[in-house]
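Worksheet: the structure to be examined is printed underneath.
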Amino acid sequence: MNWGECQIAALQKMFLIGGNTLEVNDSTKPYLAAMPQAANEALRMIATVGRFVVRSYVIEQEVTGERWCKYVLPDLIEDFYRLMPNSAVLEIGDNRAPAHYEIEGEHTLILDGRKAGRYTLYYYAYPATITSSTTADTPLNIPREAEVLVPLYIASQLYKDDDNSIATIYRNEFEIGLERLNNSASSGAERFVSATGWW
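Below, the structure written as structure tokens:
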């Protein structure tokens, strides 16, 4: 679903348009202007509670002579939300293995400064922010099964003054959908790493 399709679906839920074309008129303008904020709320909830958006980031590390190298991940990765558990992979030449690392606080990655290599980190990402200048063909960039929840949330927030009972129904549908997403989310692959390094 792209942003234009999301706007159309939200307007349809608020009974402001009947067709599948985005209509900008005196009736829809105030709702369209308020949609980015509501959409961003929905996208953040989906990406941090319902269905994580997984992305990767590569750190090319040289031997520094330091025992520990610290990387503040939100400073490196603009859309960083949280590192996936056990999800760093170290590549040295043709060898690829789970990387040994530590997390300090919530966002500081600590790697062995004596080890050079290519570290691929898999992390949970915040979705891109919707603004008033976001074009209609911009994808929402969340899992497909979660896209249908965004128009529901928008309508639940913007239709309160028009018909609070319908807005409440939409919010309830959004919360139920969010819970289903959360319950169906998979944790990804897991691998065992020998702590002693004997194999």
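Read in order, the letters of the sequence shown are residues 493 to 691 in the numbering used here. Positions of the beta carbon are idealized from the N, C-alpha and C atoms, including for glycine. Predicted model, so just to flag it, every value in this text is computed and none were measured.
Quiz item: With C-beta atoms as the reference, is Leu535 less than 8 Å away from Val640?
Solution: no
Self-check item: Three-state secondary structure (DSSP) of Ala534
Solution: helix
Quiz item: Mind checking if Gly609 is an interface residue toward chain D, Cβ cutoff 8 Å exclusive?
Solution: The structure shown contains no chain D; it is built from a single protein chain.
Quiz item: Ordered along the chain, which non-local residues of its own chain (more than five positions away) have a Cβ less than 6 Å from that of Leu644?
Solution: Tyr662, Glu665, Phe666
Exercise. Could you spell out the range, first to last residue, of the beta strand (DSSP E) harbouring Gly609?
Key: Unbroken beta strand (DSSP E) run through Gly609: 609 to 617.
Self-check item: Three or more C-beta pairs below 8 Å linking the region 521 to 531 and the region 669 to 677
Solution: Proximity of the region 521 to 531 to the region 669 to 677 falls short of the contact definition, fewer than three beta-carbon pairs being nearer than 8 Å.
Practice problem: Grab me the residues of Tyr549's own chain with a C-beta within less than 6 Å of its C-beta, minus the 5 sequence neighbours each way, in chain order. | Solution: Ile569, Leu613
Quiz item: So the alpha helix (DSSP H) Asp567 belongs to, where does it begin and stop?
Solution: If you look at Asp567, you'll find it in the alpha helix (DSSP H) that goes 565 to 568.
Self-check item: Close Cβ partners of Ile509 (< 8 Å) along its chain, the five nearest in sequence each way excluded
Solution: Ile500, Leu503, Glu515, Thr520
Quiz item: Would a C-beta distance cut-off of 8 Å place Tyr618 and Met576 closer than the cut-off?
Solution: no
Practice problem: Please name the residue or residues paired with Ala580 in a DSSP beta bridge. | Solution: Leu613
Quiz item: Glu497 to Arg559, Cα distance in whole Å?
Solution: As the crow flies, the alpha-carbon of Glu497 is around 51 Å from that of Arg559.
Quiz item: Can you give the Cα-Cα distance for Pro522 and Ala647, rounded to whole angstroms?
Solution: 13 Å
Self-check item: Opening and closing residue of the alpha helix (DSSP H) in which Pro643 lies
Solution: 641 to 650
Quiz item: The alpha helix (DSSP H) with Ile661 in it runs from where to where?
Solution: 656 to 676
Self-check item: Ile594 - containing beta strand (DSSP E), residue span
Solution: Here residue 594 turns out to be Glu, not Ile, going by the sequence shown. Segment 594 to 596, the beta strand (DSSP E) holding Glu594.
Practice problem: Please name the residue in Ala589, Ala628, Lys562, Met506 whose C-alpha comes closest to that of Gln553. | Solution: Lys562
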